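Line order of the protein sequences matches chains A and B.
First residue of the first sequence: 2, per the working numbering; consecutive thereafter.
First residue of the second sequence: 592, per the working numbering; consecutive thereafter.
C-beta: ideal position from N, C-alpha, C; glycine also.
For clarity, every value in this text was computed on a predicted model and none was experimentally measured.
Below is one structure; the comments refer to it alone.
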Amino acid sequence: MIELRDVSKMFGGVPAVAGFSLQIETGAFFVLAGPSGCGKSTLLRLINAMIVPDKGEIEIHGQSIRAVAPEILRRGIGYVIQSPGLFPHWTAADNILAVPRLLHWSASKCSARLEELVALLHIDPALLRRYPRQLSGGQQQRIGVARALAGDPDIILMDEPFAALDPVSRLALQDEIRRIHARSGKTIVFVTHDMDEALRLATAMAIMKGGRLIQAGVPLEILKAPADDFVRDFLGGEAVPLRLLDLLPVRELTRRGWTRAAITIAADTSLKNALNLMLAHHCSSLRVTDEKGTGLGEIRLSDIVARRDAI
Amino acid sequence: MMPKVHDRVLLALSCSGFAGVFLGGFLNFAPNRLARGVAYSLFQASAIETAAVMAGLCALAFASFASGAKLRSFVTILASALIFWGSLKGAGHLAALLTQNGPPAARASPGAAFWTLASAAALAIVDAVQRGNFSVPARGCVAAVFCAGFVLMGAMGDFGHLSLVREFASKRAIFMPELWRHLWLVCVSVLFALMTGVPLTLFILRKRAAAGLVFAGLGVLQTIPSIALFGVLITPMSKLSEALPLLRELGISGTGPAPAIIALTLYSLLPLVRSFHTGFNEVASGVKDAATAIGFSARQLFIEIELPLALPALISGLRVVTVQAIGLASVAALIGAGGLGTFIFQGIGQYALDFVLVGAIPVILLAISANLVFAMLLGLARRDL
């Protein structure tokens with residue numbers, strides 16, 4: 002667990018983070034969201050001691066981060082930034098193995114870890130001998146993520162890692178990182194200003210403004226009950242109901258029983274997908290099935306529209 | 592239809608070569624050092640060498656119209672070899688012919704046409720090598736072949752009758768010590784510049800506010816004319832040497848190598864510190880940030896990331912400083928520091944142009960070879976970047 006208690010940091014007389022308290026549970030995919038300059042990157046850099054707070058305490062697993070030398074602390078925390086910051090004079094493989102080598106792993110352990118990461122992140126092994134300038138933006142960021150994971154850290158900090166990528170690479174990497182998180186149970190703290198990305202990835206999130214925490218919680222709860230107009234606007238204003246559909250499964254509004262609907266949808270897909278399918282096929286109901294394909298019932302357009310939790 | 596010119600530089604070099612041949616004297620022949628000489632043209636040299644030079648110039652002109660870059664490089668190198676060989680051999684033979692029938696004090700020195708041809712050939716080769724984007728070993732090969740040819744001709748005694756070579760032969764006993772002295776002055780001052788420049792760079796990298804002040808101070812030093820700086824150092828150095836017997840025992844006084852080395856070191860500081868400073872500052876901040884954030888200590892960051900990434904800039908700085916020191920060290924002869932400048936200033940004093948060249952040509956060759964060596968090192972350092 003990462004715990005921040007009453008943390009403040011000023012830059013040139015301007016508070017970047019002010020009286021900030023937050024708990025991030027172990028195993029969470031925690032998204033820090035907020036407009037540019039709200040202090041979310043500063044908060045991230047406070048956690049790995051890249052920035053020392055003026056006031057307050059930061060603890061990881063109940064131990065103050067000041068108890069260890071900063072470089073030792075950082076070797077146990079993965080870190081990914083927007084411009085991947087790969088070392089231009091090292092090959093992709095050497096970049097990935099930077100932390101294991103700082104930790105003095107044996108050569109055999111390093112090469113075994115490299116193989117694992119190549120498989121985990123679907124990296125083309127031919128790329129490993131190339132230098133960063135010979136890689137595309139998406140490939141570079143994949144290497145950047147692999148470098149952050151290489152030392153097998155419990156915690157990974159990601160500062161708008163996919164913001165500079167094209168939509169296709171961004172979606173692919175979002176899927177990879179969500180899959181890796183689900184499989185490994187690592188704690189990920191992820192900074193973004195992109196609401197779609199935040200809602201797609203977060204198991205918990207916090208919204209910041211002017212260095213202060215405005216609202217924290219599960220994405221669905223925040224969408225259902227924004228703390229104030231700022232949060233509502235940041236979540237998309239008028240588009241919030243549509244965003245909400247993305248987080249709710251079809252299962253919740255399924256009516257049991259027989260259906261005449263011809264088009265089928267899985268119970269685990271989101272209501273937004275159901276709506277999409279209805280629009281695509283010009284119908285107002287769909288047949289809902291479970292993962293084995295057994296019919297569960299139907300979902301109706303009128304039920305989606307009349308949802309009680311609609312804002 | 593007019594054929595298209597693909598390389599204007601080659602055409603210009605070829606034209607200047609032709610102009611030199613037809614307008615300037617190829618060899619100057621004088622009965623003694625003071626008498627006015629008679630200019631002989633290239634066409635008075637033996638036919639085969641004249642033909643080689645003319646063929647080389649024509650080939651150079653032809654190459655400038657060739658569209659293929661590979662063909663152009665190949666023809667250029669071949670043509671330059673012909674011009675080089677023809678003019679060197681031609682000058683040697685013509686000098687031998689003239690001096691054998693002339694008085695013993697007769698002097699045969701290369702004239703304007705010779706120098707025009709030699710420099711046109713040299714520039715054409717450099718141009719061909721650069722445009723052809725030759726690899727470092729290939730450049731080394733081209734340079735080695737030309738040097739070997741030159742040495743071979745020298746060994747065969749082809750140049751023995753040129754007064755420049757006779758002057759050199761008569762000064763051989765004092766030439767080598769002065770050459771070593773020159774190299775020693777350069778090496779010691781560059782070493783001292785490194786010893787002061789590196790800590791100074793590290794200091795202004797940490798204290799950014801001090802950088803402006805340091806650069807302003809070094810800039811003032813750099814603007815002082817070299818002879819003035821050598822002169823200015825004489826008084827305090829001799830006072831110091833009078834006051835401290837220890838310094839006197841070490842041979843440090845107002846004139847001689849000590850003030851020369853101090854001046855050369857001071858001149859080296861600005862280019863050295865500026866290029867080192869830029870080199871380290873230009874390492875991308877994202878890269879440094881990422882390295883720190885994944886657990887590099889300050890020492891590891893410096894040795895494994897900043898130093899290798901700044902290396903090309905460091906080598907460039909050393910290159911500038913070394914080439915500059917080789918040139919400036921010749922002026923140091925004026926305050927008795929020795930070196931190749933000794934020949935230059937003695938030659939000027941005795942109104943003996945060939946004597947001046949005995950000092951000047953090695954200085955030029957030293958500067959060019961130092962430049963070449965650093966260019967190769969730079970190529971190696973940039974390989975992974």
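Its Cα nearest to that of residue 945(B), the residue 697(B) stands out among 606(B), 927(B), 697(B), 633(B). Close partners of residue 900(B) in chain A (Cβ separation under 9 Å): 88, 89, 90. Here residue 279(A) is buried. Its C-beta has 16 or more other C-beta atoms within 10 Å. Beta-bridge annotation (DSSP): residue 619(B) is paired with 630(B), 700(B).
Using a Cβ-Cβ cut-off of 9 Å, residue 869(B) is close to nothing in chain A; its nearest Cβ partner there is about 17 Å away.
Taking a beta-carbon distance threshold of 8 Å, residue 9(A) does not count as an interface residue toward chain B. Proximity of chain B to residue 51(A) at the Cβ level (cut-off 9 Å) is accounted for by 880, 883, 884, in chain order.
Each residue's CA atom was taken as its position, placing residue 850(B) and residue 841(B) some 13 Å apart. By DSSP's assignment, residue 258(A) forms no beta bridge with any residue.
Distance check between residue 275(A) and each of 305(A), 259(A), 296(A) places 305(A) closest, using alpha-carbon atoms only. With a beta-carbon spacing of about 4 Å, residue 212(A) and residue 19(A) fall inside the 8 Å limit used to define contacts. Taking a Cβ-Cβ threshold of 7 Å, the residues of chain B close to residue 99(A) are 885, in chain order. Nearest C-alpha to residue 40(A) among 9(A), 66(A), 119(A): 9(A). Around the beta carbon of residue 771(B), fewer than 16 other beta carbons sit within 10 angstroms, so the residue counts as exposed.
Between the region 157-165 of chain A and the region 80-96 of chain A, the count of C-beta pairs closer than 8 Å reaches three or more; the two stretches touch. Under the DSSP definition of a beta bridge, residue 154(A) lacks any partner. For residue 654(B), the CB contacts under 6 Å within the same chain, skipping 5 residues up- and downstream, are 601, 663, 666, 667 in chain order.
Secondary structure of residue 26(A) (DSSP, three-state): coil. The region 26-37 of chain A makes no contact with the region 70-80 of chain A; the number of CB pairs closer than 8 Å stays below 3. Per DSSP, the unbroken alpha helix (DSSP H) holding residue 869(B) starts and ends at 848-872. Interface with chain A (8 Å Cβ-Cβ cutoff): residue 896(B) is included. Per the coordinates, the alpha-carbon of residue 115(A) lies some 29 Å from the alpha-carbon of residue 902(B).
The region 50-65 of chain A makes no contact with the region 233-253 of chain A, as fewer than three CB pairs between them are under 8 Å.
A contact between stretches requires three or more CB pairs, one per stretch, nearer than 8 Å, and the region 902-920 of chain B fails this requirement with the region 795-811 of chain B.
A Cβ of chain A is located within less than 8 Å of the beta carbon of residue 877(B). For residue 922(B) and residue 873(B), the gap between their C-alpha atoms comes out near 35 Å.
Between residue 223(A) and residue 189(A), the C-beta spacing is not below 8 Å. With a contact defined as Cβ atoms closer than 8 Å, residue 648(B) and residue 705(B) miss out at about 14 Å. Using a Cβ distance threshold of 8 Å, residue 920(B) and residue 777(B) count as a contacting pair.
Taking all protein chains in view, the Cβ of residue 814(B) is surrounded by fewer than 16 other Cβ atoms within 10 Å, so the residue is classified as exposed. Contacts between residue 148(A) and chain B, judged by CB atoms closer than 9 Å, involve 881, 885 in chain order. The C-alpha of residue 672(B) lies about 7 Å from the C-alpha of residue 712(B). Here residue 858(B) is buried. Its C-beta has 16 or more other C-beta atoms within 10 Å. Under DSSP, residue 80(A) shares a beta bridge with 158(A). No residue range can be given for residue 844(B), since it is assigned to no beta strand (DSSP E) and is classified by DSSP as neither H nor E. The Cβ atoms of residue 3(A) and residue 48(A) sit closer than 8 Å to each other.
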